[in-house]
Amino acid sequence: MHQLSPFTCRRLSQLPRLTSVWECDRRPLPTSSKALSDLSEASQGDCILWVDSLQGVVRGLSVVPRETGNEAIVRTLLQAIEAPQGGNGVEPARPRKVVVCDREIQFFLRGALQDLDIPVEHSPTLPVIDEVFQRLQAPEITEHRLPRAFEASLLEKAALMWDAAPWNYLSEQEILAIDLNRWEIKTLYLSVLGLAGLEYGLLFYRDLSSLQQFRRKLLQSDDFSEGMQQAFLEQNCLFINFNPVDDIIAMPIQGVPTAVSSDAVEYDFGSLHPLEGLRSQLAAEEAVSLIVVLEALHRFFKKHDLSTEKFALQPVSSRFHIPNPVRQAMSATRNVNQSSRETANERASEKSAEKSAEKSGHELTPDLIESGPEKVTVKVSTLPEVSAIFLADTHSAVEGSGLEEVGSSLADDLAPLIEDSVPEGSLIMLGSFKDKKLAPLRETERIYYQSFIELPQKRPDTKSDWPTLTIQTTRPKAHQLVERIRKEGGMRSICFNTGHDPLSGQSFQVGLIETRQGHLHLFNEYEVSDAADSYSLEKWAKGSHKNQHCCSCIIATGSTGAQRGRPTDKEVIAFFEVIAKRPQELGLAPLVMSYALD
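What follows is the structure, given as C-alpha cells:
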C-alpha cells in the first residue's frame with residue numbers, strides 16, 4: 006500500500022489539530038444533482054465527501070470515475086486539510102479523528118494515514134454526510150435570476166441587440182453614453198465586446214471612472230495575475246453576455262451581420278460591483294433600466310449608420326421616448342387578476358393565475374410604481390473625446406510591445422474560430438523531433454507533405470530540434486482532418502493564446518491552428534496550473550525560439566491500436582511545416598471566461 010511521503014507528513018503535522026470529528030464516505034454520484042454532475046464529464050461516477058461534523062461544513066469534495074481507486078479519498082482528504090472548500094471562515098487544520106461507514110475504506114485509510122496520527126474509526130451511520138447527500142439528491146431549486154415581471158421583455162430586447170450586432174462596428178474602446186436619469190441611474194457608459202469574435206457582450210458602466218480605471222489596469226498588466234483578477238471584480242457595471250450555442254463561433258467580417266439566429270443564443274445578465282463582486286441576479290429596478298436602455302440602443306442603431314468610418318469619433322446623439330416597462334407590468338398584473346376572477350369556477354386555473362400575479366406583484370415595489378411615467382426619455386450619444394483617448398492608449402500599448410504592424414485584422418477581416426475540427430477522442434501531444442527524424446516524412450509519397458506557406462526568415466539547419474504538434478486519431482477521422490486543412494489552403498501557423506477565468510483565478514492557454522484562409526482551429530486547452538501542461542508549453546516556447554520559430558504538425562492514425570500515443574512513420578499520414586506565432590500576430594486578444602455564473 007502507498008504511504009504519504011515523510012515531507013508531506015511533516016508539513017501536515019505543523020497544522021493545528023481540531024477537536025472535531027470528520028466524516029468521510031464515497032457514494033455513487035446522484036443523477037438528480039446538477040451541481041455534482043457538472044464536476045465530472047463521466048455519466049457514471051463517485052462522489053467523495055469529507056465533512057466536519059462539528060462545524061457542519063463540507064471541507065473536501067471531489068467527483069471521480071467509478072473505477073478510480075481509494076487513493077482519491079486520501080487526495081481529497083489532503084485538500085480538505087490544506088485547502089478546505091468550506092468558505093472563507095474555514096482554515097487549514099487536521100481532524101481529531103475520522104469516521105467512515107465502509108470497512109474497506111477504514112482499512113485503507115488506516116494504512117495510508119498511519120504516519121499522520123489520525124485515528125480512523127467505523128460507524129454504521131454518518132448522519133452529517135447522510136444529510137448532505139439528501140440535499141444533493143433533492144429536486145434542484147434555483148433562484149430566479151431575472152424578475153419574472155420583466156423577464157420576457159428583457160430577453161426580447163437582448164435578442165434585438167444580438168440581431169443588431171453592434172460589435173461588427175464598435176470596438177470596446179469606442180464608448181456610448183446612455184442618459185437615463187431614473188431608477189437611481191443617471192448615465193450608463195456602454196462598452197461593446199465582440200469585435201474579435203471571441204466573447205460577445207455589452208458592459209454598462211455605472212460611472213465613467215470605473216471604466217477608465219479598469220482599462221488602465223488592463224493595458225498596464227502583462228498577464229492575468231491576481232491583481233488583474235481583483236481589478237476585474239472592482240468594475241462597477243451591469244452586463245449582458247451573448248453565448249451562441251453553435252460549435253462554430255462566426256467571427257464577423259466588419260460590416261456583415263452575425264449569421265447566428267437569436268434563437269440559438271443564450272443570454273446571461275448580471276452585475277459587477279466593487280463591494281458586491283459578481284452577481285448573477287438582477288433587481289427589478291436593474292431589469293427595468295436595461296429594458297429601457299436596450300430599446301433606446303435598438304432605435305439608435307436603426308437611426309444611425311454605425312458602419313460610417315470612425316462613427317464613434319463623431320458627435321452623434323438622439324433622444325427617444327421609451328414605453329415604461331413598469332406601467333406595462335402593472336397592466337399585465339391587473340389583467341391576470343381580472344382573468345382569475347372571471348374563471349373562479351376553475352379553481353386550479355385561478356390559483357395558478359393568482360400565484361403568477363402575486364410573484365409579479367412583489368417585484369413591483371412602491372419605488373418602482375411611484376416613479377413610473379407612461380414613457381421614459383432616454384438620450385444616447387457618442388463620446389468622441391473619451392473614445393479617442395481609449396483608442397490612443399490602446400495603440401500606445403501595442404507600440405510599446407513592438408507589435409505596431411500586428412492586429413490590423415481587428416479592423417479588417419477576422420478569422421472564424423472553429424472548435425470541432427480536431428476529432429473528439431484524439432490524442433494531442435506536444436513534443437520535439439530531430440530534423441533527421443522528420444526527413445523521411447518529407448520524402449515518403451504515402452505521406453501528404455506541406456512545406457512552409459509563410460517562409461521563415463531563416464530555415465533551421467539539419468541538426469535542429471523541431472517542436473512538433475502530433476494529433477493522433479482513427480484513420481477515417483485523420484483523413485477527414487487533413488482534407489479539411491487542405492481545402493482551407495493548408496496549415497500556416499500554430500499559436501497559443503492566453504486566457505483567464507476571473508472567478509476561479511485559473512489561467513489557461515488555448516492551442517490554435519491557423520490555415521491559409523485565416524481560419525483558426527482549436528486543438529487543445531492547457532491549464533497553466535497543471536505541472537505537465539505548463540512544462541509542455543514552456544518547452545514548446547523555448548524550442549520554437551531556438552528553431553527560428555519553425556515548428557511542425559503531424560497527423561497520424563492508430564489512436565485505438567497498439568501504437569496509441571506512440572505513432573511511428575507507418576501511422577503518419579500528413580506532415581506540415583508551419584510557423585509558431587504569438588497571439589498578437591494573429592490580432593487575438595487574451596480570452597476572458599464569461600462573466601455570468603453557470
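In the numbering used here, the protein residues as written are 6 to 603.
Ideal Cβ placement from N, Cα and C applies to all residues, glycine included.
Under 8 Å by Cβ, that's how I've got F305 and V385 pegged, so tell me the actual separation to the nearest angstrom.
-> 4 Å
Who are the Cβ neighbours of K439 in its own chain at under 7 Å, not counting the five residues just before and after it?
-> D470
Alpha carbon of Y454 to alpha carbon of A536, nearest angstrom | 33 Å
Where does Y540 fall in DSSP's three states?
-> helix
Determine the extent of the alpha helix (DSSP H) in which E582 is found, giving its start and end residues.
-> Per DSSP, E582 belongs to no alpha helix (DSSP H); it is in the beta strand (DSSP E), 577-586.
Pick helix, strand or coil for G282, following the three-state DSSP scheme.
-> strand
Find out if the Cβ-Cβ distance for the pair I584, S498 is shorter than 8 Å.
-> yes
Which one or two residues does DSSP pair with P33 in a beta bridge?
-> DSSP links P33 through a beta bridge to D51.
Beta-carbon proximity check, I180 vs G206, cutoff 8 Å = no
Nearest to V533 by CA position, among V515, L318, R99, is which residue?
-> V515
In three-state terms, what does DSSP make of H554?
-> coil
Can you have a look at R451 and say buried or exposed, based on whether 16 or more other CB atoms are within 10 angstroms of its CB?
-> exposed
Host beta strand (DSSP E) of S386 (start-end) | 380-387
Taking buried to mean at least 16 other C-beta atoms within 10 Å of its own C-beta, is Y540 buried or exposed?
-> So Y540 ends up on the exposed side.
So R101 packs on L23, CB below 8 Å; how close in whole Å?
-> The distance from the Cβ of R101 to that of L23 is about 6 Å, consistent with a contact at the 8 Å cut-off.
Where does Y600 fall in DSSP's three states?
-> Its pLDDT being 41, under 50, Y600 is placed unreliably in this model, and the value from its coordinates should be taken loosely. Reduced to three states, the DSSP call for Y600 is coil.
Does the region 152-171 come within contact of the region 121-138, defined as at least 3 CB pairs closer than 8 Å?
-> no
Residue from M496, I518, S437 whose Cα sits closest to the Cα of H550 = S437
Determine which residues share a DSSP beta bridge with S323 and list them.
-> V385
Would you report the Cα separation of Q286 and R108, rounded to the nearest angstrom?
-> Distance from the CA atom of Q286 to the CA atom of R108, rounded to whole angstroms, is 45 Å.
So which of P249, R220, F247 has the shortest CA-CA distance to F237?
-> R220
By the 10 Å Cβ neighbour count, where 16 or more other Cβ atoms means buried, how is N186 classified, buried or exposed?
-> exposed
Report the rounded CA-to-CA distance for L243 versus A594, giving the unit in angstroms.
-> Cα-Cα distance, rounded: 22 Å.
How is N246 classed by DSSP in three states: helix, strand or coil?
-> strand
Using the beta-carbon count (16 or more within 10 Å), is Q19 buried or exposed?
-> exposed
Does DSSP classify V487 as helix, strand or coil?
-> Collapsing the DSSP output to three states places V487 in a helix.
Could you please give me the residues that DSSP links to D470 through a beta bridge?
-> K439
8 Å Cβ shell around T520 - same chain, five flanking residues per side excluded | I490, E493, G494, G495, M496, R497, H526
Nearest-angstrom Cα distance between L311 and P389?
-> 14 Å
Of the choices D398, E459, I86, whose alpha-carbon is the least far from that of Q218?
-> D398
CA-to-CA distance, P279 to E300, given in whole angstroms = 28 Å
Nearest CA to the CA of A444: which residue from P465, P21, E429, P328?
-> Closest by C-alpha distance to A444, out of P465, P21, E429, P328, is P465.
Express the C-alpha separation of P378 and L307 in angstroms, rounding to a whole number.
-> Reading the sequence as shown, one finds Lys at residue 307 and not Leu. Taking the straight line from one Cα to the other gives about 25 Å.
Contacts around L295, its chain only, beta-carbon distance under 8 Å, and the 5 residues preceding and following it disregarded | Correct list, in chain order: L159, K162, F209, L243, I245, F274, L287.
7 Å Cβ shell around T479 - same chain, five flanking residues per side excluded = T562, S564, T565
Beta-carbon proximity list for A113, same chain, < 6 Å, skipping 5 on both sides | The sequence as given places Phe at residue 113; Ala does not occur at that position. Taking F113 as the centre and dropping the five residues before and after it, the same chain places the C-beta of N75 closer than 6 Å to its C-beta, in chain order.
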